[in-house]
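The block underneath contains the structure these notes are about, expressed in structure tokens.
2 protein chains.
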Amino acid sequence: MTGAECLLRTLLKNGVNICFMNPGTSEMQFVAALDRVSGMRPVLGLFEGVCSGAADGYARMTRKPAATLLHLGPGLGNALANFHNARKARSPVVNIVGDHATAHQKFDAPLSADVPAFARTISDSVRVVGSSAEMGALATQTVEAAMGPPGQIATLIVPADFSWSEAGEEGDWAWPLKRARASDRDIEEAALLLRKLGPEAGVLMGGQTMVDAGLTAAERITKGSGARLFYDRNTSRAALGGGRFEPQRVAYFPEKAEAQFHGLQHVVLIEAKAPVSFFAYPGRKSTLLPDDCAVTVLAGVDGDGLYALEVLADHFPAPEPSGGPRDRTHSIYGREVLTTESLGRAIAFHLPEDAIVSDEMVSSSEAVVPLLGCGRRLDFLPVTGGSIGQGLPLALGAAVACPDRKVVALEADGSGMYTLQALWTMARENLNVTVVIFSNRRYRILDVEMRRTGAGDLGPLANDMLEVGRPDLNWVKLAEGAGVEATRATTPREFVDQFTSALQASGPRLVEAVL
Amino acid sequence: MTGAECLLRTLLKNGVNICFMNPGTSEMQFVAALDRVSGMRPVLGLFEGVCSGAADGYARMTRKPAATLLHLGPGLGNALANFHNARKARSPVVNIVGDHATAHQKFDAPLSADVPAFARTISDSVRVVGSSAEMGALATQTVEAAMGPPGQIATLIVPADFSWSEAGEEGDWAWPLKRARASDRDIEEAALLLRKLGPEAGVLMGGQTMVDAGLTAAERITKGSGARLFYDRNTSRAALGGGRFEPQRVAYFPEKAEAQFHGLQHVVLIEAKAPVSFFAYPGRKSTLLPDDCAVTVLAGVDGDGLYALEVLADHFPAPEPSGGPRDRTHSIYGREVLTTESLGRAIAFHLPEDAIVSDEMVSSSEAVVPLLGCGRRLDFLPVTGGSIGQGLPLALGAAVACPDRKVVALEADGSGMYTLQALWTMARENLNVTVVIFSNRRYRILDVEMRRTGAGDLGPLANDMLEVGRPDLNWVKLAEGAGVEATRATTPREFVDQFTSALQASGPRLVEAVL
Chain A
103 MTGAECLLRT LLKNGVNICF MNPGTSEMQF VAALDRVSGM RPVLGLFEGV CSGAADGYAR
163 MTRKPAATLL HLGPGLGNAL ANFHNARKAR SPVVNIVGDH ATAHQKFDAP LSADVPAFAR
223 TISDSVRVVG SSAEMGALAT QTVEAAMGPP GQIATLIVPA DFSWSEAGEE GDWAWPLKRA
283 RASDRDIEEA ALLLRKLGPE AGVLMGGQTM VDAGLTAAER ITKGSGARLF YDRNTSRAAL
343 GGGRFEPQRV AYFPEKAEAQ FHGLQHVVLI EAKAPVSFFA YPGRKSTLLP DDCAVTVLAG
403 VDGDGLYALE VLADHFPAPE PSGGPRDRTH SIYGREVLTT ESLGRAIAFH LPEDAIVSDE
463 MVSSSEAVVP LLGCGRRLDF LPVTGGSIGQ GLPLALGAAV ACPDRKVVAL EADGSGMYTL
523 QALWTMAREN LNVTVVIFSN RRYRILDVEM RRTGAGDLGP LANDMLEVGR PDLNWVKLAE
583 GAGVEATRAT TPREFVDQFT SALQASGPRL VEAVL
Chain B
103 MTGAECLLRT LLKNGVNICF MNPGTSEMQF VAALDRVSGM RPVLGLFEGV CSGAADGYAR
163 MTRKPAATLL HLGPGLGNAL ANFHNARKAR SPVVNIVGDH ATAHQKFDAP LSADVPAFAR
223 TISDSVRVVG SSAEMGALAT QTVEAAMGPP GQIATLIVPA DFSWSEAGEE GDWAWPLKRA
283 RASDRDIEEA ALLLRKLGPE AGVLMGGQTM VDAGLTAAER ITKGSGARLF YDRNTSRAAL
343 GGGRFEPQRV AYFPEKAEAQ FHGLQHVVLI EAKAPVSFFA YPGRKSTLLP DDCAVTVLAG
403 VDGDGLYALE VLADHFPAPE PSGGPRDRTH SIYGREVLTT ESLGRAIAFH LPEDAIVSDE
463 MVSSSEAVVP LLGCGRRLDF LPVTGGSIGQ GLPLALGAAV ACPDRKVVAL EADGSGMYTL
523 QALWTMAREN LNVTVVIFSN RRYRILDVEM RRTGAGDLGP LANDMLEVGR PDLNWVKLAE
583 GAGVEATRAT TPREFVDQFT SALQASGPRL VEAVL
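These protein sequence lines are chains A and B, in that order.
Under the working numbering, the first residue of the first sequence is numbered 103, with each subsequent residue one higher.
Under the working numbering, the first residue of the second sequence is numbered 103, with each subsequent residue one higher.
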């Protein structure tokens, strides 16, 4: 058994059976082994950021790691931005990176680079295979590290010679740690606190808690105590819609978030950290809670937040059933003008039950996301680390994870350009993804940020740097060029027709909504 | 004067007047200052790898640094692959990266990352601004560092608050070091050596020596001594064609390179390092020179290789004039089938005088590059660091540097996909770039590498990972989607018509040549 086969067998033994890859020469042994060791599904990306983003999307939906296979330092470099997001999502990923054969490393060949240094920028742990004999053990350790808790980017660097030479046994089962649970006493104290402070207390949920059971518990807590319930805007996945209870999402801009938190004396954190502003601005502080607000961590980011929420909820009476799903969306079919808001309404109205929504609308997000919660059941996947270029790869990975669900990528035109190569993989794998491009020909969010940083008026040169136009991108052609059928909508009627038709199709479709 | 204005003024004072950028919130002060401090030309890329590759292309043609402006760790992450190539090209680049305001950095906001760690992967020096008062001095030091010798990736990390707060004076002039020159005695010894050994001696040129004066000297040396002249295949820029003397380019695969070097007893290095194999393969050594071959460094990578070559050449008689430019190319107009070879011939035949050729043909390169040397004068820009995704951005940067010359990007379909966003910037800046896509729907080089690494036969899964098809990319649509006019050629006649028409156009054009 070669090192590559040993690695592959160890991954498969531990349930890692999807590999998003963009391999090169150093990874050829691993690629060749795919046909000799059965069970691994390889998914090719034509750019490495597609692979890291897809692994993130896969992990957010399955709560288990996919593998990525990347080519030396620069190949890993291309994947870093989406690994950054994956790390902030606490997504487990087994990141395999080839390196030059050990004897070759001292020669500073063209592709030589400090692969561990690239890896450390976004990895929670980095292992370098030092002999083919230890391949199996290190692969097991890497899977174990990836599984956390919380989920981690665990990188395994594999010099080419250890892939092609004879290895020992395959590695063992990985035994990840269990998530820590809050004590009964701590939960009881939190219950007393919430009951005492009522609306002057808050609970901030994050991590893996925004699921059915967590929302049921959250509703019981707020109804029983009067405390205000919030969720981290950068949580990896949030169940919304279908009439389920919806905690307030922490706003992007600090004034709005401060208004949400106004009057709080104490906040209980559940798999969330004390909220801070996304960026700093002149004359504003970074923290968002009131200065005198106390904080209690009931479940850390590696803790079992769902357990904490459910036991906490048991301290309060079960609320009356809320009377079935509400659906407060409505069609925009007869309207005249396509705006961010009408587009959001159309999407919320027409999304099928149990859709998965990848959100990278950036400046459009604050207007659209609240509408999504008014519609049918869905899982919402935001940009967790603020690095754009996540939306399309994340949708790809989610669609690989959940082939029976419809994935909808809500994507800005500026952010979509970073990793548009994902469209090709969606076509190749015939994935159930509908992409909507919010085409405003602008890095619109920077218009706002420019004012906020006090940089002054926008002169012509500065204006030009914020414009994603001149020439306008044609997303229909970009998509078709990558093998994805696409249409362009300029009116609400066109959009609704195209969007509903795209949702009914099998395989990927793209609708460019021109705003 | 704000810190951002101070930075801008210091760059301009030192002749850094082009900035390839993809800014975000932390860089808004710099962007706003573009309209208050005149002289900087900002060029927007819709992906950061476009910016780093463009800065490399600009530096290779001008021998001076452009600036890049990037957004925090992940934005820099996207630029690393092409910085890797720029570093191996020894291109000077002033890389400016924004970071969170200092007071904000401790809060682990979503975009927080270890920016210096990202920077160190590809930078020769990293400076972090510690106060707005030191902005000018650090900017000067960064320019100085970038200029080397040899050229370096010099990174300046700028926390946002030091951009928006009041700064001191602008920085001084940068005073880069001079390149070291070989002593008369060392050159004389080298001359004696070459004369004595004749064809058993070699001279390997690299760095900045592959220019008119270097080639004239090289011809005199080989004709006068009988020594064999070579050039580094990863040299940043090589003047070819127009009947000029052409040293042998070191081959990609080690057997061929070893055959080129067979019988050498001594090699003189001029801004080059002892050649090594690109990758290691089972049972092959990494070095390429004969084991007993001695090596003399007459100019290191930071040395003045042109001086060494010219003084060395003076030890030999001036050769007879070679009788005007040779042109050994010929039209392929009447041929039936478009192949890599016929495509190469057509390109070599029709390239205009003094074209700049960006080569990222990958598997097609070995067949095409020798043909280029048979045609008119051109400057050839290869992939220096082996990281693909360089070709289009490099062409972009070269076109910004040399607006009066025609730039031709010879690009494989697989490698073109990594940074196709460069097409949009070519359209926006109306750059004189003709892109030819060698469309073989395959990571063809990996077919070869797969065999070489001994990985065995290609099973169906492995085969799939090497195929850039299913669906086929449509480069005409991809280009048009990014605002670049494009056509597809499937026969020699179509290709010649489209290529010559594209060359005559002002602004960018793309021709997809289907192989």
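We put the CB at the ideal spot given by N, CA and C, even for glycine.
Local conformation of residue 130 (chain B) per DSSP, three classes: Translated into positions along the second sequence, residue 130 (chain B) becomes position 28. Collapsing the DSSP output to three states places residue 130 (chain B) in a helix.
Let me check one thing: in DSSP terms, what residues is residue 458 (chain A) bridge-paired to? Along the first sequence, one-based indexing puts residue 458 (chain A) at 356. Paired residue(s): A:481, A:509.
Among A:157, A:153, A:188, which has the Cα closest to the Cα of residue 619 (chain A)? Outside the shown range of chain A (103 to 617) lies residue 619 (chain A), about which nothing can therefore be said.
Please name the residue in B:396, B:278, B:161, B:375 whose C-alpha comes closest to that of residue 407 (chain B). Walking along the second sequence from the start, residue 407 (chain B) turns up at place 305. Ranking the options by Cα distance to residue 407 (chain B), first place goes to B:375.
Can you find at least 3 beta carbon pairs, one from the segment 268-285 of chain B and one from the segment 311-325 of chain B, that sit closer than 8 Å? no
Beta-carbon proximity check, residue 146 (chain B) vs residue 404 (chain A), cutoff 9 Å: Start at 1 with the first residue of the second sequence, and residue 146 (chain B) comes out as number 44. Start at 1 with the first residue of the first sequence, and residue 404 (chain A) comes out as number 302. In this structure, residue 404 (chain A) does not lie closer than 9 Å to residue 146 (chain B) by Cβ.
According to DSSP, residue 388 (chain B) sits in a beta bridge with which residue or residues? Position 286 of the second sequence, counted from the start, is the residue given in the question as residue 388 (chain B). In the DSSP secondary-structure assignment, residue 388 (chain B) is not bridged to any residue.
Taking a Cβ distance cut-off of 7 Å, strictly less, list which residues of the segment 298-311 of chain B are near chain A, in chain order. Cβ contacts with chain A: none found.
With residue 491 (chain B) and residue 517 (chain B) assumed to form a contact (beta carbons below 8 Å), what rounded beta-carbon distance in angstroms separates them? As a working mapping, residue 491 (chain B) is identified with position 389 in the second sequence. As a working mapping, residue 517 (chain B) is identified with position 415 in the second sequence. Rounded, the Cβ-Cβ distance is 6 Å, consistent with contact.
Can you give me the start and stop residues for the beta strand (DSSP E) that residue 403 (chain B) sits inside? The residue labelled residue 403 (chain B) in the question sits at position 301 within the second sequence. Counting along the chain, residue 403 (chain B) falls outside any beta strand (DSSP E), and DSSP gives it neither H nor E.
Verify whether the separation of the beta carbon atoms of residue 174 (chain A) and residue 201 (chain A) is less than 9 Å. Residue numbering aside, residue 174 (chain A) sits at position 72 when the first sequence is read from its first letter. Residue numbering aside, residue 201 (chain A) sits at position 99 when the first sequence is read from its first letter. One thing to note: residue 174 (chain A) has its Cβ within 9 Å of the Cβ of residue 201 (chain A).
Residues of chain A with a CB under 9 Å from the CB of residue 600 (chain B): which are they? The residue given as residue 600 (chain B) occupies position 498 in the second sequence. The premise fails here: residue 600 (chain B) is roughly 18 Å from chain A at the closest Cβ pair, so nothing lies under 9 Å.
If you drop the 5 nearest sequence neighbours on each side, which residues of the same chain put their C-beta closer than 6 Å to that of residue 126 (chain B)? Against the second sequence, residue 126 (chain B) aligns to sequence position 24. 173, listed in sequence order.
Continuous alpha helix (DSSP H) stretch holding residue 160 (chain B): start and end: Residue 160 (chain B) sits at position 58 when you count from the first residue of the second sequence. Element bounds for residue 160 (chain B): 150-164.
Closest Cβ-Cβ distance between residue 47 (chain B) and chain A: below 9 Å? Residue 47 (chain B) lies beyond the stretch modelled for chain B, which goes from 103 to 617, so this question has no answer here.
I'd like the list of long-range same chain contacts for residue 571 (chain A), defined as Cβ closer than 6 Å, with 5 residues on each side in sequence excluded. As a working mapping, residue 571 (chain A) is identified with position 469 in the first sequence. Closer than 6 Å at the Cβ level, and outside the excluded window around residue 571 (chain A), lie 543.
Quick check on this structure: which residue in B:241, B:500, B:463, B:221 has the alpha carbon closest to the alpha carbon of residue 527 (chain B)? The residue given as residue 527 (chain B) occupies position 425 in the second sequence. Comparing Cα-Cα distances from residue 527 (chain B) to each of B:241, B:500, B:463, B:221, the minimum goes to B:500.
Contiguous beta strand (DSSP E) assignments of at least 3 residues, all confined to the segment 173-233 of chain A: Complete beta strand (DSSP E) runs here, min 3: 195-201, 227-230.
Where does the unbroken beta strand (DSSP E) through residue 342 (chain B) begin, and where does it stop? Walking along the second sequence from the start, residue 342 (chain B) turns up at place 240. Note, residue 342 (chain B): beta strand (DSSP E), 340-342.
Starting from residue 528 (chain A), trace the alpha helix (DSSP H) in both directions and tell me its first and last residue. Here residue 528 (chain A) refers to the residue found at position 426 when the first sequence is read from its first residue. Where residue 528 (chain A) is concerned, the enclosing alpha helix (DSSP H) starts and stops at 524-530.
Beta-carbon proximity list for residue 588 (chain B), same chain, < 6 Å, skipping 5 on both sides: Taking the first residue of the second sequence as position 1, residue 588 (chain B) is located at position 486. Cβ neighbours of residue 588 (chain B) beyond the five flanking positions: 578, 581, 582, 612.
Residues of the segment 475-508 of chain A whose Cβ lies closer than 9 Å to any Cβ of chain B, in chain order: 485, 486, 487, 488, 489, 490, 491
Residues of chain B with CB under 7 Å from residue 160 (chain A), in chain order? As a first step, residue 160 (chain A) is located in the first sequence; it is residue number 58 there, counting from the start. Correct list: empty, because the minimum Cβ distance to chain B is about 18 Å.
Contact set for residue 249 (chain B): own chain, Cβ-Cβ below 6 Å, skip 5 residues either direction: Taking the first residue of the second sequence as position 1, residue 249 (chain B) is located at position 147. So the list reads 194, 278, once near-sequence residues are dropped.
C-beta contact flag for residue 220 (chain A) and residue 196 (chain A) at 9 Å: Translated into positions along the first sequence, residue 220 (chain A) becomes position 118. Translated into positions along the first sequence, residue 196 (chain A) becomes position 94. No. Outside cutoff.
Across the segment 462-482 of chain B and the segment 112-127 of chain B, are there enough close Cβ pairs to call them in contact, namely three or more that are closer than 8 Å? Not touching, per the Cβ criterion.
Have a look at the DSSP bridge pairing and note the partners of residue 333 (chain A). Within the first sequence, numbered from 1, the residue matching residue 333 (chain A) stands at position 231. Residue 333 (chain A) is bridged to A:307, A:351.
Taking DSSP as the reference, what is the three-state secondary structure of residue 422 (chain B)? Reading the second sequence from its first residue, position 320 is the one you call residue 422 (chain B). It is coil, neither helix nor strand.
How many Å lie between residue 592 (chain A) and residue 568 (chain A) at the Cα? The sequence position of residue 592 (chain A) within the first sequence is 490, counting from 1. The sequence position of residue 568 (chain A) within the first sequence is 466, counting from 1. Taking the straight line from one Cα to the other gives about 22 Å.
What residue range is occupied by the uninterrupted beta strand (DSSP E) comprising residue 122 (chain A)? By one-based count along the first sequence, residue 122 (chain A) stands at place 20. Segment 120-123, the beta strand (DSSP E) holding residue 122 (chain A).
Only counting the same chain, and skipping five residues up and downstream in sequence, which positions put a Cβ closer than 6 Å to that of residue 384 (chain A)? Here residue 384 (chain A) corresponds to residue number 282 of the first sequence, with the count starting at 1. 556.
From residue 393 (chain B) to residue 361 (chain B), what distance separates their C-alpha atoms? Taking the second sequence and counting its residues from 1, the one referred to as residue 393 (chain B) is at position 291. Taking the second sequence and counting its residues from 1, the one referred to as residue 361 (chain B) is at position 259. If I take the Cα positions, the gap works out to 13 Å.
When Cβ atoms are compared, which residues of the segment 358-385 of chain A fall closer than 9 Å to chain B? 375, 376, 378, 379, 380, 381, 382, 383, 384
Quick one: Cα of residue 237 (chain B) to Cα of residue 410 (chain A), how far? Here residue 237 (chain B) refers to the residue found at position 135 of the second sequence. Here residue 410 (chain A) refers to the residue found at position 308 of the first sequence. So the alpha carbons of these two residues sit roughly 49 Å apart.
Below 8 Å on the Cβ atoms is my guess for residue 584 (chain B) versus residue 522 (chain B); work out the distance and round it to an integer in Å. Here the question's residue 584 (chain B) lines up with position 482 in the second sequence. Here the question's residue 522 (chain B) lines up with position 420 in the second sequence. Taking a contact as a CB-CB distance under 8 Å, the pair residue 584 (chain B) and residue 522 (chain B) counts as one, their CB atoms being some 7 Å apart.
Using a Cβ-Cβ cut-off of less than 9 Å, list which residues of the segment 264-294 of chain B approach chain A; keep chain order. 265, 266, 267
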